[in-house]
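Step one of this worksheet: look at the structure below.
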Amino acid sequence: MTDLINQLLLENDFRQQSIDKMLSMTEWITADELQRRQNLDFISSKLLRETWIRHKQIFAVTNSDRQLFANFQFDEMGKPLQVIANTLKFLQLDDGWATAAWFLFPNAWVPHIAGTGCVAPVEVLAFPEKVISAAQCSRNTHFC
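The opening position of the sequence shown corresponds to residue 1 in this note's numbering, with each subsequent residue numbered one higher.
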């Protein structure tokens, strides 16, 4: 039993290290920051966010009991980018941090433009077909 507990503690430590790394890899915004960008009242913004999450148009993560959103999902007015919604349809990940990892870490299905190695899907959001194709191919495999 002690071995199992130690294994779970170790896995939790590794997960937290990954989360800490992802928090430093991109800009994260709070619900309040998104609401200000959208120029909506609290209730309207909350309902919109909940609808977007439920319909997999955006993803959210929880850190220190706060819901956070990767800023790269939104345009300057706080609306979801279509490439994110189209990608999330294929990923089928239920964990926000797993979704964040898929976008932020190099993915073997996203080759570097120079032809050597691979890049993170977030680096090629301007090329939606590359990101969506990677999501179709990878189905939960996101490391090179």
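All residues carry an ideal CB built from backbone N, CA and C; glycine is no exception.
Residue i: which of the options sits nearest, CA to CA?
i: R66; options: R49, A85 and A31; result: A31
i: P121; options: Q57, K130 and F14; result: K130
i: R37; options: N71, A101 and D95; result: N71
i: I53; options: D94, S24 and D13; result: D94
i: A126; options: V110, C137 and R139; result: V110
i: S24; options: P128, V124, C137 and A101; result: A101
i: D20; options: C118, Q73, T62 and V124; result: T62
i: E123; options: L104, R139, C137 and S138; result: L104
i: Q73; options: T51, I29, R139 and V119; result: I29
Cα separation between residue i and residue j?
i: N107; j: D75; result: 24 Å
i: T26; j: S44; result: 26 Å
i: T99; j: F59; result: 7 Å
i: Q35; j: G78; result: 8 Å
i: M1; j: D13; result: 18 Å
i: W97; j: E33; result: 20 Å
i: C144; j: T116; result: Legend: pLDDT at C144 = 46, less than 50; position of this residue unreliable, value from coordinates given subsequently. C144 and T116: Cα-Cα distance of roughly 12 Å.
i: P80; j: L68; result: 14 Å
i: Q16; j: M22; result: 10 Å
i: K56; j: I5; result: 34 Å
i: R139; j: S18; result: 20 Å
Check for me: the alpha helix (DSSP H) holding residue i runs from which residue to which?
i: V131; result: P128 to S138
i: L10; result: T2 to M25
Please go through the same chain and pick out, in chain order, the residues whose beta-carbon is closer than 8 Å to the beta-carbon of residue i, but skip the five residues on each side of it.
i: I132; result: V83, N86, T87 and F90
Among the residues of its own chain, which have a CB less than 7 Å from the CB of residue i, if the five just before and after it don't count?
i: R135; result: Note on identity: in this sequence residue 135 is Ala, with Arg being the wrong assignment. T87, F90 and L91.
Leaving out the 5 sequence neighbours to the left and right, which residues in its chain are closer than 6 Å to residue i when beta-carbon positions are compared?
i: K46; result: none
**Report entry** Residue ranges of each alpha helix (DSSP H) within the segment 27–95, 4 or longer
**Finding:** The segment 27–95 contains, as complete alpha helix (DSSP H) runs of 4+ residues, the segments 31–38, 42–54 and 82–91 (chain order).
Report task. Within the segment 93–121, note down every full beta strand (DSSP E) run reaching 3 residues or more, in order along the chain. Result -> List check, beta strand (DSSP E) in window: 107–111.
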